[in-house]
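Chemist:
Residue numbers (this note's numbering): 3 to 186.
1. Among 38, 106, 161, 31, which residue has its Cα nearest to the Cα of residue 47?
2. In terms of alpha-carbon separation, which member of 50, 68, 10, 69 lies closest to residue 40?
3. From residue 141 to residue 28, what does the alpha carbon distance come to, in whole angstroms?
4. With 16 other CB atoms within 10 Å as the buried threshold, where does residue 148 fall?
5. Can you tell me whether residue 50 is helix, strand or coil according to DSSP?
6. Work out the CA separation of residue 120 and residue 100 for me, nearest whole Å.
7. Which partner residues of residue 149 appear in the DSSP bridge assignment?
8. How close, in whole Å, do the beta carbons of residue 161 and residue 180 come, if the pair is a contact with beta carbons under 8 Å?
9. What's the call for residue 136, buried or exposed, on a 16-neighbour Cβ count within 10 Å?
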């Protein structure tokens, strides 16, 4: 009844996917969300058959196929001098949309607490891994997160902080430098 590549939908649920395996009457599909789920064939409905040759040709992305077939260029082993501008900078975006998929049900206190916990965790990570510079992207807004971040960073003796590069981040970022102690 079904064939590999058929687009199917589950009868009693809002799940769509593509058939990837059929064993007797059990059909395994790769859902649109990326999960592999197995259903009885009676629970599925055919949306689009893979047997339609013209449909398969139309859906083929020839540029990606061509790219896969290309022979990669040989790597150059000449060392390039890196300027200080090219050094690694850990950028942490503290916008709530970047931290959680959905902020429904979160009040301002919850949001600020999550943002500050993230900042603390990333700062400790950078200290442990001796990353010399971090940029916290907090946005402009009303300045509440920036003020909390400034207060939080001010409690550390082994770092300095300032507004980040205006050309790159605008007014919405703070740059943190760690003061490395020289060991004898």
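Even for Gly, the Cβ is constructed at its ideal location relative to N, Cα and C. These numbers were taken from a predicted model, which means no experiment stands behind them.
Modeler: For this structure:
1. As a working note, residue 47 is residue 45 in the chain shown. Closest by alpha carbon: 31.
2. Within the chain shown, the letter at position 38 stands for residue 40. Taking only the C-alpha atoms, the option nearest residue 40 is 10.
3. If you number the chain shown from 1, residue 141 lands on position 139. If you number the chain shown from 1, residue 28 lands on position 26. Cα-Cα distance, rounded: 51 Å.
4. Position 146 of the chain shown, counted from the first residue, corresponds to residue 148. With 16 or more other Cβ atoms within 10 Å, it is buried.
5. Along the chain shown, read from residue 1 onward, the residue named residue 50 stands at position 48. Of the three classes helix, strand and coil, the one that applies to residue 50 here is strand, per DSSP.
6. Against the chain shown, residue 100 aligns to sequence position 98. Against the chain shown, residue 120 aligns to sequence position 118. Residue 100 and residue 120: Cα-Cα distance of roughly 11 Å.
7. Translated into positions along the chain shown, residue 149 becomes position 147. Per DSSP, none; premise fails for residue 149.
8. The residue labelled residue 161 in the question sits at position 159 within the chain shown. The residue labelled residue 180 in the question sits at position 178 within the chain shown. The pair is a contact, with the Cβ atoms about 5 Å apart (cut-off 8 Å).
9. Stepping through the chain shown from its first residue, residue 136 is reached at position 134. Residue 136 comes out buried.
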